[in-house]
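The numbering used here puts the sequence shown at residues 15 to 526.
For glycine and all other residues, C-beta sits at the position ideal for the given N, C-alpha and C.
Just so we're clear, the structure is a prediction, and the values are computed from it rather than from any experiment.
Step one of this worksheet: look at the structure below.
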Amino acid sequence: MTTLLKLKITVSAILSFAVATLLTFLTTDAQELKQQDKKTVLIVPINGEIDSSQSALVRRCISIAKSKKVDMVIFEIDTPGGRIDYMSIISTDIMSLGNNMPTVAFIRPLGESVIPGAVSAGALVSMSCKRIYMYPGTVIGAATPVMVGAGGAAAIPESYENKIISAARASFGSVAYTNGYPKSLAIAMVDPDIEVFEVTIDGKKLYLTRQEIEKYQQEGKSFEVPQYPVKEKGKPLTATAVDAFNYGIATKVINSREEIYKDYGFTNPIEIREEITWSEGLAGFITSPGISMLLLAIGIMGLWITLKMGAFGIATGVSIFCFALLFFGGYLSGLAEAPEILLVVVGIILIALEIFVIPGTGIPAILGVIFTFAGLIFIMLPGGIRIPDFEKEPWMAKDIMSAIGEVLVGFVVSLMGFLTIVRFLPNVPLFNKLVLKTELVTEGGYTAAVSGEAGLTSKVGIVVTSLRPAGKVEIDGKTIDAVADGEFINKGESVKVIQVEGTRVVVARQAS
C-alpha cells in the first residue's frame, strides 16, 4: 500500500468520524429543541358537587398556572352545581388569570352526574374560561338559585328570590360579557322570566331580550323579529351541546382533548392532571357544617376548661388542635385568610393574658372573647374580613346568619359539655381539678394530713396564681398547691387556709 493511499484512507476515516459526530450532535440538539417546544397543559377535573374541596383544588391549580409552568389550563367539568359562595370563589380565581393564560372548559362525562354537563354553578365556572368545548350529549345552564336543606333542594322564599336572582344575573352577565359569550343567554340560565330572541343585525347574529330589541329599534336599526323566542318564559335556559354551539356559547362539540390542542396548535403536549389531594379532601370534610360545628364546640369547650383550671393542659392542646383544623380547612378552601386567623389567635392570647398575667380586670377576657368569636364567624364566610355589599351579594345575609348560628350552637354545645364534665366527672383524674370536693374520706384515698401541711390550718397567705379553683398560694415563704372554696380568687389576694386533708389544701378569701 502506497503512502498516498494510506493518507487517503486516514483522511476518509477522519472525515467520516467528524460527519457522524456532527450528525449525532445535530440529532440530539433537534430532539432537545423539539422537547423544549412541547407545550404543557394542566388538566383540572371539576367532578360532582362544587364544594370547598373543589375550591381548594382550583385555587392550587391557579397558583401553578400563575407560576408560568404551564401553557394552558383545561377544566374538565361534570357537575350538578353547588354552593353560590364556592362558585363565586372558583369563578374569581379562574378569571384572575386574565388573558395571560388560555383557559378552556371541556364539559364532558366524568361519571358523577346522571345527565353530564355544567349545570347551575357549573355554568358560571365554565363561562369563566375563555373557551368552552362540549362533549356530545352534555348540557349547560339551569342555573336558577335554589335553597338546599335537609329535605333537599327547595325554591327560595319570594321575599328573598328577587334579590338573589338579580345578583346572580349580574354575575352571569358580567362573566359572559368579559369572555365574549352571549350575555342575554347567560342571564337566561339564571332568570326563568326573560325571553331571548335570535335576530340578525348588520349581518351579525345576536341574542336579545325584548328590551334590547326595542333599544335597537329606537336607534333606527331595521331587522326582522322572529315570532318565537329561542328561550321562552317560565324556565331557565338549558342548552344541549349542539344548541350551545349554535348559540355561540360552545366553540365546538368534540370527543377528545386532541381537538382542543389542534385548535391551539399544540402537538402532543405534556399533560399534567391534578386531582383533589388528601389535604383538600380533608378540608372539604372539615368545612362541612356538622364537622365544623363539632370542632368548634370541642375547641370552645377546651377554652372553658382552660379558664376554669387556670392553667394550660390537655384541654388547651385539644382546643388548639380543633381550631388549627378549622383554620386549615378554611384556608385551603379559600374561606380563611391570615387576617381572620390572626383575629382568633389575638383573641386567645387576650384570654390567656386575663388568666395568667392580669387576672381580675376582665377587659382582656371580654376583648378576647369578642375577637375569637368574630374571627370564627369570618372564617366561615367567603371574602374574609370585609363589609359585604348585600345588593350584589344578597346571599351573604343568609351566610352571615348561618355562620353566627354555627358559632352560637358551638358555644352552647361546648358549655353543656363543660357543665356535664363539672357535674358528673369530678373523680376522673383529667377533670378532678375542675370541681371542689364536698367530702374527703379514707375510702376515696385520702389520709390525715402529714408533715408540714398539718400545721397550715388557719394560716394566711397570698395567691400566687389565680385560683380557678385550683392554683398556688404562698404561705410562710413556701409556695404550695391549693384549691379555692367555692369561688375564684385572683392573684395577689389574701387567703386563709380553712381545711387540710392529705395533700389537699382548701383556702378561702381573707376578710379585709
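Would you mind working out which of the options sits nearest residue i, comparing C-alpha positions?
i	options	result
GLU294	TYR242, LYS177, VAL256 and LEU339	LEU339
GLY248	THR281, ASP216, ILE268 and VAL210	VAL210
GLU488	ASP65, GLY361 and VAL474	VAL474
ILE494	VAL514, GLU501, GLY316 and THR330	VAL514
SER472	GLN524, LEU433, GLY500 and ARG518	GLN524
SER333	LEU381, LEU346, SER428 and GLU420	SER428
PRO159	LYS218, PHE425 and PRO250	PRO250
GLU420	ALA496, TYR242 and SER302	SER302
ARG518	ASN504, GLY131, ILE503 and GLY485	GLY485
GLY217	GLN225, LYS235, ILE208 and MET203	LYS235
ARG73	VAL58, GLU63 and LYS83	VAL58
THR434	ALA496, GLY500, TRP318 and ASN504	TRP318
GLU368	ALA182, ASN504 and PRO130	ASN504
Rounded to the nearest angstrom, what separates residue i and residue j at their Cα positions?
i	j	result
LEU111	THR386	35 Å
VAL153	THR320	55 Å
VAL520	GLU354	42 Å
THR106	ARG145	16 Å
LYS266	ALA255	8 Å
GLY389	VAL383	10 Å
GLY506	GLY491	14 Å
ALA184	PHE120	24 Å
ASP205	ILE178	10 Å
VAL220	GLU212	A small correction: the amino acid at residue 220 is Leu; Val does not occupy that position in the sequence shown. Distance between the alpha carbons of LEU220 and GLU212: 6 Å.
ILE290	ASN260	34 Å
ILE227	SER81	45 Å
PRO483	ALA498	5 Å
VAL118	ILE286	15 Å
THR223	ILE103	29 Å
GLU288	LEU356	31 Å
PHE425	MET307	9 Å
ALA137	VAL244	18 Å
ILE512	ALA522	7 Å
MET109	PHE342	25 Å
LEU450	GLY431	Reliability of the predicted coordinates at LEU450 is poor, the pLDDT of 47 falling under 50, and no value is obtained from them.
GLU233	VAL239	15 Å
ARG122	LEU346	26 Å
ALA181	GLU246	21 Å
ASP257	ARG97	26 Å
Only counting the same chain, and skipping five residues up and downstream in sequence, which positions put a Cβ closer than 8 Å to that of residue i?
i	result
ALA190	MET141, PRO196, LYS197, LEU199, ALA200 and ILE201
ASN269	TYR149 and PRO150
VAL133	THR93, PRO94, GLY95, SER127, VAL153, ILE154, GLY155, ALA156, ALA157 and THR252
Could you please give the first and the last residue of the uninterrupted beta strand (DSSP E) stretch that includes residue i?
i	result
PHE211	211-215
ASN260	Taken as a continuous stretch (DSSP letters only), ASN260 belongs to no beta strand (DSSP E), being part of the alpha helix (DSSP H) at 255-261.
GLN513	508-515
ASP92	86-92
MET141	Looking at the DSSP string, MET141 is not in any beta strand (DSSP E); the run it does join, the alpha helix (DSSP H), is 135-141.
ALA496	492-498
ARG523	518-523
VAL55	54-61
MET115	Premise fails: MET115 is in no beta strand (DSSP E) and is neither H nor E.
Ends of the alpha helix (DSSP H) at residue i?
i	result
THR386	377-393
PHE299	292-300
LYS229	224-232
LYS486	Where LYS486 is concerned, there is no enclosing alpha helix (DSSP H), although the beta strand (DSSP E) it sits in stretches over 484-489.
LEU71	66-80
ALA202	197-202
GLU285	Looking at the DSSP string, GLU285 is not in any alpha helix (DSSP H); the run it does join, the beta strand (DSSP E), is 284-287.
TYR100	98-109
ILE274	272-278
For residue i, collect the residues of the same chain with a Cβ closer than 7 Å to its Cβ; drop the 5 residues on either side in sequence, then sort them by chain order.
i	result
PHE337	GLY313 and VAL358
ALA79	LEU56, VAL87, LEU111 and MET115
ARG271	ILE88 and PHE120
VAL423	MET307
Look at residue i and residue j and say whether their C-beta atoms are less than 8 Å apart.
i	j	result
TYR147	ILE274	yes
LEU310	ILE300	no
ILE414	GLY344	no
VAL477	VAL509	yes
PHE237	ILE215	yes
ILE76	GLN68	no
ILE363	ALA379	no
SER66	ALA297	yes
ALA70	MET101	no
ALA481	PHE502	The amino acid at residue 481 is misidentified as Ala; the sequence shows Leu. It is a contact, given that the beta carbons lie within the stated cut-off.
ILE91	VAL139	yes
Beta-carbon within less than 6 Å of residue i's beta-carbon, same chain only, minus the 5 sequence neighbours each way: which residues are those?
i	result
LYS53	ASP85, PHE280 and PRO283
ALA417	ILE391, MET394 and LEU395
Looking at chain B, is there any beta carbon in it that lies within less than 8 Å of the beta carbon of residue i?
i	result
THR493	The structure shown contains no chain B; it is built from a single protein chain.
For residue i, verify whether its CB is less than 7 Å away from any heavy atom of the ligand GDP.
i	result
VAL519	By its list of ligands, the structure shown contains no ligand whatsoever, and the ligand GDP lies outside what it can speak to.
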